[in-house]
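Sequence positions in the sequence shown follow this note's numbering and run 9 to 263.
Note that CB positions come from ideal geometry on N, CA and C, so glycine has one too.
All values reported here derive from a predicted model rather than from experimental measurement.
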Amino acid sequence: MSEIEGAITDLNKKGLAIVGDMFLAFLVSLIRPIATVTEKLYRRRMGERYFTGWNVIIGVPLIIAACLPVSLLRGEGLDWMDWSITEWVSVAIGCVWVAVFALAAVAHFRDVRRRYRENVMWHSYCYGVGFNKRPSDIAACCAIVGILAGWFHLYGIMLLLVFSGGFSVQMRAFEMRKMRKAFLDTIDGHIEQVSFADAVRERLTPDQANGLVAPLPAYIAKEPRDRFVRARGHGKEEKATQKARETVQMGLRQG
């Protein structure tokens, strides 16, 4: 492959990565506001980048749309005197939901300003402090309430509750997987730093090298193994120690 073709390939890869990041950011910008329309009702002290003005801009119309009377959406119930009891209940739930959500949002932005004013450290992506329950428990509660809403023909509320609870659980599960991956990467990095050089040079088994698998054919000589270890960024401390030892010995000879 020529240098031009390699450069084009690299540009394509970078372009695809940028598009992928933009698409992921777009999904998160939609998913998080849907999740927070219910999360804000039972969680407080959210981070300023987890709950922003965008969550309010998307969340309030979602609540209003979910609680609008079905006949009004169909254009059949323009006269509010013709609304059924279920539709009035839906409107009442919507009014209370919007009011509580708006008050919680105002309290959130006030707390963000207070934290800066009082120099309080708080993670900007914190999803808040609330009921000490697992995400699956919260999803089950949202699903039960959603089913009850559907039973009473409150279909918009049902859909918003189900999607909000589901997205909330998915976000928590994603964060747990991400943290677990970072945790395992840290452990693996430590094991490689400690055992990689010896595992390659001495052809150690996983049982002898903390589970590290570093297979190289037996016919590879010691010098290529050493070069491979150094190329991977390991064994640097041994090289530094050897260089310091040589410097000391040179100084003694000169003395």
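Under DSSP, Gly138 forms a beta bridge with Arg51.
Straight across, the Cα-Cα distance linking Leu111 with Gly164 is about 22 Å. In the displayed model, Asn127 falls within coil according to three-state DSSP, outside both helix and strand. Secondary structure remark: continuous alpha helix (DSSP H) runs of at least 4 residues inside the segment 177-239, in chain order: 230-239. Apart from the 5 residues on each side of it in sequence, Val99 sits with its Cβ closer than 7 Å to the Cβ of Cys75, Pro77 in its chain, given in chain order.
For Ala148, the closest C-alpha among the options Leu168, Arg209, Glu126, Gly174 is that of Gly174.
Arg118 and Phe204 have their alpha carbons spaced roughly 52 Å apart. Close CB contacts of Val97 within its chain, under the 8 Å cut and outside five residues either way in sequence, are with Phe160, Leu162 (chain order).
For Ile72, the CB contacts under 7 Å within the same chain, skipping 5 residues up- and downstream, are Gly102, Val106 in chain order.
In terms of Cβ geometry, Gly136 and Met54 form a close pair [threshold 7 Å].
Ser172 sits close to Thr46, with the two beta carbons spaced by under 7 Å.
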